[in-house]
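Have a look at the structure below before the remarks.
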Amino acid sequence: MPWKGEKDPYKIWLSEIILQQTRVEQGRSYYENFIQNYPTISQLAKAKDEKVFKLWEGLGYYNRCKNLLFTARYIAKELNGVFPGNYEDILTLKGVGPYTAAAIASFAFNLPHAVVDGNVFRVLSRVFAIDTAIDSTAGKSEFSILADEVLDRKEPGIYNQAIMDFGATVCKPFAPLCNHCPLQKICKAYLEGKVNYLPVKEKVLQKKNRWFYYFLFQHDGKILIHQRLMKDIWENLFEFYLAESNEHLHWNEASVKEWLYEQLGIEKAEIVHISPQFAQQLTHQNVKGQFIKVILPAIPTTLEHHEWLSLQQIRQLAFPKFINQYLETGALQASLF
DNA sequence: AATCCGGGGCG
DNA sequence: CGCCCAGGATT
Numbered sequence: 021m022p023w024k025g026e027k028d029p030y031k032i033w034l035s036e037i038i039l040q041q042t043r044v045e046q047g048r049s050y051y052e053n054f055i056q057n058y059p060t061i062s063q064l065a066k067a068k069d070e071k072v073f074k075l076w077e078g079l080g081y082y083n084r085c086k087n088l089l090f091t092a093r094y095i096a097k098e099l100n101g102v103f104p105g106n107y108e109d110i111l112t113l114k115g116v117g118p119y120t121a122a123a124i125a126s127f128a129f130n131l132p133h134a135v136v137d138g139n140v141f142r143v144l145s146r147v148f149a150i151d152t153a154i155d156s157t158a159g160k161s162e163f164s165i166l167a168d169e170v171l172d173r174k175e176p177g178i179y180n181q182a183i184m185d186f187g188a189t190v191c192k193p194f195a196p197l198c199n200h201c202p203l204q205k206i207c208k209a210y211l212e213g214k215v216n217y218l219p220v221k222e223k224v225l226q227k228k229n230r231w232f233y234y235f236l237f238q239h240d241g242k243i244l245i246h247q248r249l250m251k252d253i254w255e256n257l258f259e260f261y262l263a264e265s266n267e268h269l270h271w272n273e274a275s276v277k278e279w280l281y282e283q284l285g286i287e288k289a290e291i292v293h294i295s296p297q298f299a300q301q302l303t304h305q306n307v308k309g310q311f312i313k314v315i316l317p318a319i320p321t322t323l324e325h326h327e328w329l330s331l332q333q334i335r336q337l338a339f340p341k342f343i344n345q346y347l348e349t350g351a352l353q354a355s356l357f
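In case it helps, the working numbering puts the first sequence at residues 21 to 357.
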């Protein structure tokens, strides 16, 4: 990893935020782009929200990006640009929880705080054959205490890196390399034949189905754009005019015109195109939908206080992948539609 | 304590 | 298709 052996708390913090629930190979290029654009925390603090979100586009969990900016500005202004140097103060930073605080404290300042991430849960649950659910409050507490007990207090940074590397490459979720494992003789799960049953999780997550029908309203060379600011998926990202449904709707020119009239009072509209179905799987919901291009000769009163942007302005904005899938088909050319 | 937040990779 | 990923915030 490019940040291995790194001692700059800014770079460690940035990489750890990027790597929350994110594979190293997925986050690497994002990390490099951020460091190239913002080599120091004060430069990140001065950045415009829109540019930072554009850099984060596609990485997911967009509140990480919001908190990243907030914390950069907090450190730049309130702490004179000096990154906090102890676990308790690091933990107070927005977007920084127990894992990230321990990672920064141990990697940057060699302080004795044990990281407990998905790798550590897995390694400890197997080596000690603990079947307490890792997603329960009791489990989090039990594994944190155990992780602290087995931490190497002389080299906490190296130890933390090592146990996570070990979990990622040897003690893997599926098909772990028990045959070559140096802990074979002391691993309780291996000795008891329980490796494939650990760690234990108790919660099963439910998936919802949602149908997103996006109207690309064009008027006078501009398109209606909306920023998602509600507590929902894709917070702070941009989108077109959204009609959401909890069921599959079948659109044709007549049903679109009827919908436009009944919902928005639009009488004159040219239905240019109705896209095929698009879909995206999220961790906790399935999003399906279509995109409908509409040219409006006049802006209806119901759409007056929305933002209308040119293609050039739209290209600067960060969109969810669901929309980018559609845009990548070449749906928005220079001549619009 | 329960629920929510993305997107990618892998078997 | 289900699970997991160098987790955290909110309610």
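All C-beta atoms, glycine included, are put in the ideal place defined by N, C-alpha and C.
Note that the structure is a prediction, hence the values are computed from the model and not measured.
- DSSP places residue 229 in the strand class (E or B) of the three-state scheme.
- A distance of 8 Å or more separates the beta carbons of residue 352 and residue 237.
- In the structure shown, residue 99 adopts coil according to DSSP, grouped into three states.
- Burial check for residue 326: the Cβ neighbour count within 10 Å stays below 16, so the residue is exposed.
- In the DSSP annotation of this structure, residue 130 is not part of any alpha helix (DSSP H), being labelled neither H nor E.
- When Cβ pairs closer than 8 Å are counted between the two stretches, the region 22-32 is seen to touch the region 119-137, the count reaching three or more.
- If you look at residue 264, you'll find it in the beta strand (DSSP E) that goes 261-265.
- For residue 53, the secondary structure class from DSSP, reduced to helix, strand or coil, is helix.
- In this structure, the straight-line span from the alpha carbon of residue 227 to that of residue 41 is close to 19 Å.
- Of all alpha-carbon atoms in 78, 220, 63, 105, the one lying nearest the alpha-carbon of residue 92 is that of 63.
- Per the C-alpha coordinates, the member of 234, 139, 145 positioned closest to residue 209 is 145.
- The count of Cβ pairs closer than 8 Å, one atom from the region 244-251 and one from the region 327-341, reaches three, so the stretches are in contact.
- For the pair residue 54 and residue 159, the Cα-to-Cα distance works out to about 35 Å.
- Within the region 205-250, the complete alpha helix (DSSP H) runs of at least 4 residues fall at 208-212.
- Annotation for residue 51: 35, 38 place their beta carbon closer than 6 Å to its own, counting only its chain and skipping 5 residues before and after.
- Residue 131 places its beta carbon 8 Å or farther from that of residue 148.
- Counting along the chain, residue 274 sits inside the alpha helix (DSSP H) bounded by residues 273-284.
- Distance from the Cα of residue 215 is smallest, within the candidate group 277, 171, 151, for 151.
- Of the candidates 269, 271, 242, the residue whose Cα lies closest to the Cα of residue 332 is 242.
- About 6 Å separates the beta carbon of residue 230 from that of residue 305, a gap short enough to meet the 8 Å contact definition.
- Contact fails between the region 105-112 and the region 61-80, because fewer than three Cβ pairs, one in each stretch, are under 8 Å apart.
- Closest option to residue 257, judged by alpha-carbon separation, among 65, 218, 76: 76.
- The Cβ-Cβ distance between residue 234 and residue 309 falls below 8 Å.
- Linking residue 294 to residue 357 through their CA atoms gives a straight-line distance of about 12 Å.
- Taking each of 206, 190, 24 in turn and checking the Cα distance to residue 200, the smallest one comes out for 190.
- A buried status is given to residue 232, since no fewer than 16 other beta-carbon atoms sit within 10 Å of its beta-carbon.
- In this structure, the CA atom of residue 56 is about 10 Å from the CA atom of residue 49.
- Residue 330 has its alpha-carbon roughly 22 Å from the corresponding atom of residue 286.
- Between residue 276 and residue 312, the C-beta spacing is below 8 Å.
- Straight-line spacing of the CA atoms in residue 328 and residue 355 works out to 16 Å.
- Going by DSSP, residue 177 is part of no beta strand (DSSP E) but of the alpha helix (DSSP H) stretching over 176-189.
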